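Here the structure comes first, spelled out in C-alpha cells, and everything after it is commentary.
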Ligand SMILES: *Cc1c(COP(=O)(O)O)cnc(C)c1O
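Quick look at the structure:
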C-alpha cells in the first residue's frame, strides 16, 4: 500500500484508522450480513450509527439543549440558499461579512432571496485578512449575521468570533472541529463534511431550535429546517454511508481529544509558516500573520513558472494537491484534522531543497 500526502483542499484525506475500520466492516456490518450502505435507514443497525453520530457531535461541540444537529444534503453550497430562504424574512436585512471567495458565494445567493448588508468587506485586502470587531457595521435588528470562519481559498481564519445581538451564523466547512469554540453562541452553523468530518454528500447543520420556526409557510418541506428537526434528519433517506464515516471520524476525534487535536493542528501550521517566514522572501505568505489559517496555508513563489515547477516536483515526491485554487493561483497546503504531521515535515524539507536549487 502506498498512500500519498494529500494536501488537497477537499475532499480531503480521512484518518487511516477510519478507512481501515470502514474497509473491515464494508461487506458485513457487525455481523448483519450486509454493508451499512445496504441497510435500511429505519433499521436498528443504521439507527445506532445515526444516534452515535449525533451524540458524538453534541459532545464534541458541547451543545446545550437549545441546539440540535441536522444531517442535510447539497453541500455547504445548498446552505448558501437554504439559510436565507428560512431565516431572511420579507422586509428584513441580513448582515454578511465579506472575507473572500466563500463568503462571496454565500452573499451572492442571499442577495437572490432578500436584503443583504455588507457589515464589512475585506475581500480585496492584500494580504488577505479578517476584519477586526471594531470594523463591523452591524444592522440593528438584522435577521442574522453571517461569517465564514475559515476562508479555504484565501487562507484566513477567524481567531475570535464577534458578539452580535442578532443570531450569529457561520460557514465552518473548512475548520469545524479543528479547535474548541463556543458553539452555543451561534444561531446556526453549517459545514460540508468533506474537509474535516467525512466524505462529500453530507452537510452538517447545527441550529438553535427556535430559529427553525421562522421559515415561511410556503417553503417546500425538504428546504425547511423544521422538517429535518422534527424528523431527526430522517424525513427522507439521509446519506447513510457519509453519516457512518462521520460517526467514525467523530469517534476518532473524541479518542484524541479536541484540545489535543487543536494543538496538533497548530503545530503543523506553525511549522509551515515558520518555513515560509524563514525563507528570506523566497516563499511569501498571502494572509496577514494575525489571521493565518491553521487549515489552509497559502503562499507564493517568485514566479508562476516556479510555482508550477514546485507543484510538479512535489507531486513526484508523493505530495499531491498543492496547487492553489484556480481563482488566486499560488500554492495551498491544506492540512485538515486528518492530515499527518509527517506530511508537513516532508513538505518543509522539500521547500528547503527546492529553494536551494532554485533560489
Ligand atoms: C468547500 C467549501 C464550501 C463548499 O462546499 P460544498 O460542500 O462543495 O458545497 C463552502 N464553504 C467553505 C468555507 C468551503 O471550504
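Residue numbers (the working numbering): 1 to 359. A virtual CB, placed ideally from N, CA and C, is assigned to each residue, including glycine. On a predicted model such as this, the values are computed, not experimentally measured, just so you know.
Check, Outcome
"Please classify residue 117: does DSSP put it in a helix, a strand, or coil?", "strand"
"Kindly examine ligand 1 and report whether one of its heavy atoms sits closer than 7 Å to the Cβ of residue 337.", "no"
"If you compare alpha carbons, which of 338, 68, 245, 98 is closest to residue 190?", "68"
"Nearest-angstrom Cα distance between residue 355 and residue 35?", "49 Å"
"One question on the structure: do residue 22 and residue 248 come within less than 8 Å of each other, judged by their Cβ atoms?", "yes"
"What did DSSP end up calling residue 334 once you bin it into helix, strand or coil?", "strand"
"Comparing alpha-carbon positions, which option in 41, 107, 60 lies nearest residue 254?", "60"
"Closer than 6 Å by C-beta to residue 225: which residues in its own chain qualify, once you throw out the five before and the five after it? Chain order, please.", "86, 207, 212"
"Roughly how many whole angstroms lie between the Cα atoms of residue 316 and residue 78?", "36 Å"
"I'd like to confirm the pairing. Which residues does DSSP put opposite residue 404 in its beta bridges?", "This structure cannot speak to residue 404, because the chain is shown only from 1 to 359."
"So if DSSP puts residue 306 in a beta bridge, which residue, or which two residues, is it bridged to?", "Per DSSP, none; premise fails for residue 306."
"From the DSSP output, which residues share a beta bridge with residue 128?", "287"
"Helix, strand or coil for residue 242 per DSSP?", "helix"
"Taking the continuous beta strand (DSSP E) assigned at residue 190, which residues delimit it?", "186-192"
"May I ask which residues mark the beginning and end of the alpha helix (DSSP H) holding residue 227?", "225-230"
"Is it right to say residue 218 is buried, meaning 16 or more other beta carbons lie within 10 angstroms of its own, or is it exposed?", "exposed"
"Quick one: Cα of residue 221 to Cα of residue 74, how far?", "15 Å"
"Taking 8 Å as the cut-off, does the region 231-240 touch the region 179-189 (at least 3 CB pairs, one atom from each stretch)?", "no"
"Starting from the C-beta of residue 135, find all residues in its chain whose C-beta is less than 6 Å away, skip the five residues before and the five after it, and write them out in chain order.", "120"
"Excluding the 5 residues flanking residue 197 on each side, which residues of the same chain have their C-beta closer than 8 Å to its C-beta?", "176, 177, 191, 204, 246, 249, 250"
"Buried or exposed for residue 131, going by 16 or more other Cβ atoms inside 10 Å?", "buried"
"Any chance the CB of residue 173 is under 7 Å from a heavy atom of ligand 1?", "yes"
"What residue from 15, 11, 5, 292 has the CA that sits closest to residue 256's CA?", "15"
"With a threshold of 7 Å (Cβ to nearest heavy atom), would residue 128 be considered close to ligand 1?", "no"
"Can you say whether residue 195 is buried or exposed, counting buried as having 16 or more other CB atoms within 10 angstroms of its CB?", "buried"
"Need the endpoints of the alpha helix (DSSP H) that residue 94 sits in, please.", "Note, residue 94: premise wrong, no alpha helix (DSSP H); beta strand (DSSP E) at 93-98."
"Could you give the distance in angstroms between the alpha-carbon of residue 312 and the alpha-carbon of residue 41?", "44 Å"
"DSSP three-state label for residue 67, please.", "strand"
"For the beta strand (DSSP E) holding residue 170, just list the boundary residues, first then last.", "168-171"
"When you compare each of 329, 267, 321, 169 to residue 12 by their alpha carbons, which one comes out closest?", "321"
"Residue 146: buried (16+ other C-beta within 10 angstroms of its C-beta) or exposed?", "buried"
"Kindly indicate which three-state DSSP category residue 214 falls into: helix, strand or coil?", "helix"
"Rank 229, 302, 331, 306 by C-alpha distance to the C-alpha of residue 66 and give the top, closest one.", "229"
"Measuring CA to CA, which of 353, 344, 215, 342 is closest to residue 81?", "215"
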